[in-house]
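In this note's numbering, the protein residues as written are 18 to 241. In this text, a Cβ means the ideal position worked out from N, Cα and C, and glycines have one as well. A quick write-up on the structure given underneath.
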């Protein structure tokens, strides 16, 4: 399993604190991403979330689908997630690297939200694997940050640094959608053009849309 900043440094209780934010605009953004997916579920779907952390989104969506599994590279996140989801019998967490995934079933919906492709350094091969996990008629949802959200995103990372969850932000290197911290953490984004390229390369119908002036979504529909 590849080393990963989120597995080694920002996991379990630290990751939980990331989402215990006092910034109302960040809370709005987080809820808007979940709501965008939630309103598109019928309640019958088998859902897979990649980069699920401790199960934050998994728990929110569990009442709205048949089953949901969260994948994360951090064993500590998965341990916390299983406790976090103990009252949701249709939800589970597994430890797995998205660069080396294996399932004995397909899913109706695969989620890679909150800048997941960038955070997991996922390449075109990973995207093809994700599409391969979809059952015919299924959909994959990818999201990243809108350029309109930069100031709020930066404030959120500054808040995380002030809590000691990340290193201090490097003001000279932090620009053009990329946040760089003194401890080596680096967070980039996928632009709408990036998502257009990924969608077109998939060979399936897709759409790129902005949500809440905070997220950009790519939705790929596996028609067969």
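Residue i - DSSP class collapsed to helix/strand/coil
i	result
residue 8	Residue coverage of the chain in this structure runs from 18 to 241, which leaves residue 8 outside it and unanswerable.
residue 159	strand
residue 133	helix
residue 215	helix
residue 21	Because residue 21 sits at a pLDDT of 49, beneath the cut-off of 50, its placement in the model cannot be relied upon, and the point is left open.
residue 166	helix
residue 63	strand
residue 117	helix
residue 122	coil
residue 109	strand
residue 199	coil
residue 188	coil
Span separating the alpha-carbon of residue i from that of residue j
i	j	result
residue 74	residue 189	33 Å
residue 105	residue 97	14 Å
residue 19	residue 61	Bear in mind that a pLDDT of 39 at residue 19, under 50, signals an unreliable position, so the model cannot answer this.
residue 65	residue 124	7 Å
residue 130	residue 179	25 Å
residue 182	residue 117	28 Å
residue 174	residue 186	8 Å
residue 69	residue 84	15 Å
residue 53	residue 235	12 Å
residue 135	residue 55	23 Å
residue 171	residue 196	8 Å
residue 114	residue 218	23 Å
residue 198	residue 140	23 Å
Proximal residues to residue i (C-beta, below 6 Å), its chain only, five neighbours per side dropped
i	result
residue 24	Legend: pLDDT at residue 24 = 45, less than 50; position of this residue unreliable, no value from coordinates given.
residue 112	92, 95
Own chain partners of residue i with C-beta closer than 7 Å, once the 5 adjacent residues on each side are dropped
i	result
residue 103	none
residue 80	none
residue 241	153
residue 177	35, 183
Beta-carbon contacts of residue i that lie in its chain and below 8 Å, excluding the five residues immediately before and after
i	result
residue 239	148, 151, 152, 153, 154, 155, 156, 157, 221
residue 36	47, 73
Residue i: first and last residue of the uninterrupted alpha helix (DSSP H) it sits in
i	result
residue 146	141-149
Run of the beta strand (DSSP E) containing residue i, from where it starts to where it stops
i	result
residue 227	223-228
The region 195-214 in contact with the region 113-124 per 3-pair CB rule at 8 Å: no
Does the region 223-232 come into contact with the region 37-57, if we say contact requires no fewer than three beta-carbon pairs (one atom in each stretch) closer than 8 Å? yes
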